[in-house]
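Just below is one structure, and these are the notes that go with it.
2 protein chains.
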Amino acid sequence: MERSKILVVDDESRMRKLLNDFLTRSNFTVLEAGDGEEALDMFFDDKEIALIILDVMMPKMDGYEVCRTIRKYSQVPIIMLTAKSSERDELQGFDLGIDEYVTKPFSPKLLVARVEAILRRSRASQADVVEVGGIRMDRAAHQVYIDGEPVELSYKEFELLEYFMDNQGIALSREKILNNVWNYDYFGDARTIDTHVKKLRSKMGDKGEYIKTIWGMGYKFDAGV
Amino acid sequence: MERSKILVVDDESRMRKLLNDFLTRSNFTVLEAGDGEEALDMFFDDKEIALIILDVMMPKMDGYEVCRTIRKYSQVPIIMLTAKSSERDELQGFDLGIDEYVTKPFSPKLLVARVEAILRRSRASQADVVEVGGIRMDRAAHQVYIDGEPVELSYKEFELLEYFMDNQGIALSREKILNNVWNYDYFGDARTIDTHVKKLRSKMGDKGEYIKTIWGMGYKFDAGV
DNA sequence: GAGATATGTTCACATAACTTTCACAAGGAA
DNA sequence: TTCCTTGTGAAAGTTATGTGAACATATCTC
Chain A
1 MERSKILVVD
11 DESRMRKLLN
21 DFLTRSNFTV
31 LEAGDGEEAL
41 DMFFDDKEIA
51 LIILDVMMPK
61 MDGYEVCRTI
71 RKYSQVPIIM
81 LTAKSSERDE
91 LQGFDLGIDE
101 YVTKPFSPKL
111 LVARVEAILR
121 RSRASQADVV
131 EVGGIRMDRA
141 AHQVYIDGEP
151 VELSYKEFEL
161 LEYFMDNQGI
171 ALSREKILNN
181 VWNYDYFGDA
191 RTIDTHVKKL
201 RSKMGDKGEY
211 IKTIWGMGYK
221 FDAGV
Chain B
1001 MERSKILVVD
1011 DESRMRKLLN
1021 DFLTRSNFTV
1031 LEAGDGEEAL
1041 DMFFDDKEIA
1051 LIILDVMMPK
1061 MDGYEVCRTI
1071 RKYSQVPIIM
1081 LTAKSSERDE
1091 LQGFDLGIDE
1101 YVTKPFSPKL
1111 LVARVEAILR
1121 RSRASQADVV
1131 EVGGIRMDRA
1141 AHQVYIDGEP
1151 VELSYKEFEL
1161 LEYFMDNQGI
1171 ALSREKILNN
1181 VWNYDYFGDA
1191 RTIDTHVKKL
1201 RSKMGDKGEY
1211 IKTIWGMGYK
1221 FDAGV
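Respectively, the protein sequence lines represent chains A and B. Per our numbering, residue 1 is the first one in the first sequence, and the count goes up by one each step. Per our numbering, residue 1001 is the first one in the second sequence, and the count goes up by one each step.
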């Protein structure tokens, strides 16, 4: 997977540095903007920005304003940083097309998890139907076919398979799977993944072998093509 | 591998000198700070600090405080020095993002080993695919290919080969291998390395010869290219 | 809102895979 | 040769994963 470019907009440089650090560590490329105007300039200059993290409270042009302007031209995912949850409630009243709200102070780890989840979603919607090694995944219909036959998968099973198919050939640790397929607020047993993998494999028949176990590490989807 | 810069923070100058000595000998560049404020100044002045060793008990600003401040802006690895293990337990209750705890008195040798292990971890994610002399190592897929054919390696075997390939042409003592490939809390027989080397060699076929024995010393990976 | 149904999670145990140790063989150094 | 290090195969020990069932939670139906 290529490195996605993320634009961080905040007037406080410390906050920008913090986010930059964490996101860079998580393998994203980060651009920083110190105010709304700069943010708009950077966004319209660089067509490859995959996601924007936007502080609400900024001098001159606030996050709300920046968001409205961008939304006139683009559906790029936007995460809003708000200082109080009351701000958040207020904003949610308007339909600004904001993908997530994160209230300060937040755990950077959590933010990264949300960023990954959103990007996954927005990447997913690019190709609605994918077919690999006899497995056809129709995201719009939320339906999977194996050798042309429809297979009944539960919601989680579908999402798990989707994540596997989006990351073919890549070794995925349980932690990573949890972060991307489960909600960020799930803190249960990672072994639940094993159970889901078991069900997935059995529902997939002989294609179940595509889900390889990487002992001591996690799982990997590999259709061998 | 370039010399990594390490910041040692302790109010006792004897302790700083001791650490400085050992780390310098192990080929690190060392900066010293005598208190928390100085530490913060040095850290934010010098963007190249790769790791911080931090004493908990210090006058004015304690290690706990320093850590929290740094964590607001940076994910640099931090090793905490604690006087009693009770302190350690207490600290672990908070999620400060500390990478390691070392309880005084400690063996400097052990500390150096931990430093190396942590730095290796944080460096590891640089090049995802490496190929040398017909051996292709795909870290993302956690898979090794020899002459294009996939080879099944266990977790430890993979890590061992990874370490060898990251240190091509360098003679590696068993001690060093243990410190870097095994966990620091492994105190078993170093001969387990021999067994793993044997398995690796046999799984690598004629490429097994790349792992040379350095009699009386250890091993070396050398693809002769 | 109660009961039924489907889905998701946890648990305990079986199984499989891996790691370490051991004992002895083989090989290099003095 | 003699001492010490390394190679090797197999046994013993350890840990991770597979699996079925119980339990919990959410969803649907009436």
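Think of the CB as a built atom: it goes at the ideal place given N, C-alpha and C, for glycine as much as any other residue. Bear in mind that the values here come from a model prediction, so they are computed numbers and not experimental data.
With residue i and residue j assumed to form a contact (beta carbons below 8 Å), what rounded beta-carbon distance in angstroms separates them?
{"i": "K1220/B", "j": "L1172/B", "result": "6 Å"}
{"i": "A117/A", "j": "D128/A", "result": "Contact flag wrong, Cβ pair sits at about 19 Å."}
{"i": "D166/A", "j": "R120/A", "result": "7 Å"}
{"i": "G188/A", "j": "D222/A", "result": "Not really, about 27 Å apart at Cβ, beyond 8 Å."}
{"i": "K1203/B", "j": "V1151/B", "result": "6 Å"}
{"i": "D1099/B", "j": "I1078/B", "result": "6 Å"}
{"i": "W215/A", "j": "Y1155/B", "result": "6 Å"}
{"i": "P1105/B", "j": "L1019/B", "result": "Contact doesn't hold; Cβ gap of about 13 Å is too wide."}
{"i": "L1031/B", "j": "M1015/B", "result": "Going by Cβ atoms, the distance from L1031/B to M1015/B rounds to 15 Å, so no, they are not a contact pair."}
{"i": "E149/A", "j": "K199/A", "result": "Going by Cβ atoms, the distance from E149/A to K199/A rounds to 17 Å, so no, they are not a contact pair."}
Compare the Cα-Cα distances from residue i to each of the options and report the closest residue.
{"i": "A1033/B", "options": "L1023/B, F1022/B, D1021/B and L1054/B", "result": "L1054/B"}
{"i": "L1160/B", "options": "D1147/B, E1131/B and H1196/B", "result": "H1196/B"}
{"i": "I1052/B", "options": "G1169/B, G1216/B, K1005/B and R1014/B", "result": "K1005/B"}
{"i": "Y210/A", "options": "N180/A, R114/A, K156/A and I146/A", "result": "I146/A"}
{"i": "S13/A", "options": "E1037/B, R1068/B and S1074/B", "result": "S1074/B"}
{"i": "E48/A", "options": "D62/A, T29/A and L81/A", "result": "T29/A"}
{"i": "Y1101/B", "options": "L1110/B, P1108/B, T1082/B and K1109/B", "result": "T1082/B"}
{"i": "R25/A", "options": "L1040/B, V1076/B and D1046/B", "result": "V1076/B"}
{"i": "K1060/B", "options": "F1044/B, R1016/B, T1192/B and L1040/B", "result": "L1040/B"}
{"i": "D21/A", "options": "F44/A, D46/A and L111/A", "result": "L111/A"}
{"i": "I193/A", "options": "D206/A, K207/A, N183/A and R174/A", "result": "R174/A"}
{"i": "G218/A", "options": "K207/A, F164/A, G36/A and D206/A", "result": "F164/A"}
{"i": "G1036/B", "options": "K1207/B, V1008/B and N1183/B", "result": "V1008/B"}
{"i": "G1134/B", "options": "M1015/B, G1224/B and R1016/B", "result": "G1224/B"}
{"i": "K212/A", "options": "A1190/B, G1205/B, H1142/B and D1185/B", "result": "H1142/B"}
{"i": "R1182/B", "options": "G1205/B, R1114/B and D1011/B", "result": "Note that residue 1182/B is Trp in the sequence shown here, rather than Arg. Measuring from the Cα of W1182/B, the nearest candidate turns out to be R1114/B."}
{"i": "A50/A", "options": "R68/A, L23/A and S122/A", "result": "S122/A"}
{"i": "N27/A", "options": "R3/A, V144/A, E38/A and K207/A", "result": "R3/A"}
Going along chain A in order, which residues have a C-beta closer than 7 Å to the C-beta of residue i?
{"i": "A1141/B", "result": "G169, I170, A171 and K220"}
Going along chain B in order, which residues have a C-beta closer than 7 Å to the C-beta of residue i?
{"i": "I214/A", "result": "H1142"}
{"i": "M137/A", "result": "In chain order: nothing, as chain B lies at least about 21 Å away."}
Please list, in chain order, the chain B residues whose beta carbon lies closer than 8 Å to that of residue i.
{"i": "M217/A", "result": "H1142 and Y1155"}
At a cut-off of 8 Å, is residue i close to the ligand FMN when judged by its beta-carbon and the heavy atoms of the ligand?
{"i": "R201/A", "result": "The ligand FMN is not among the ligands present in this structure, which contains no ligands whatsoever."}
Which residues, in chain order, does the region 17–51 of chain A contribute to contact with chain B at a C-beta distance below 8 Å? For the region 17–51 of chain A, the residues whose beta carbon sits under 8 Å from a beta carbon of chain B are, in order, K17, L18, D21, F22, R25 and N27.
Inside the region 1139–1197 of chain B only - beta strand (DSSP E) runs reaching at least 3 residues: Those beta strand (DSSP E) runs which fall completely within the region 1139–1197 of chain B and span 3+ residues are 1143–1146 and 1149–1151.
What runs of the alpha helix (DSSP H), each 4 residues or longer, lie entirely inside the region 27–84 of chain A? Complete alpha helix (DSSP H) runs here, min 4: 36–45 and 63–73.
Chain-ordered residues of the region 1063–1077 of chain B with a beta carbon less than 8 Å from chain A: Using a CB distance below 8 Å, the part of the region 1063–1077 of chain B facing chain A consists of K1072, Y1073, S1074 and Q1075, ordered along the chain.
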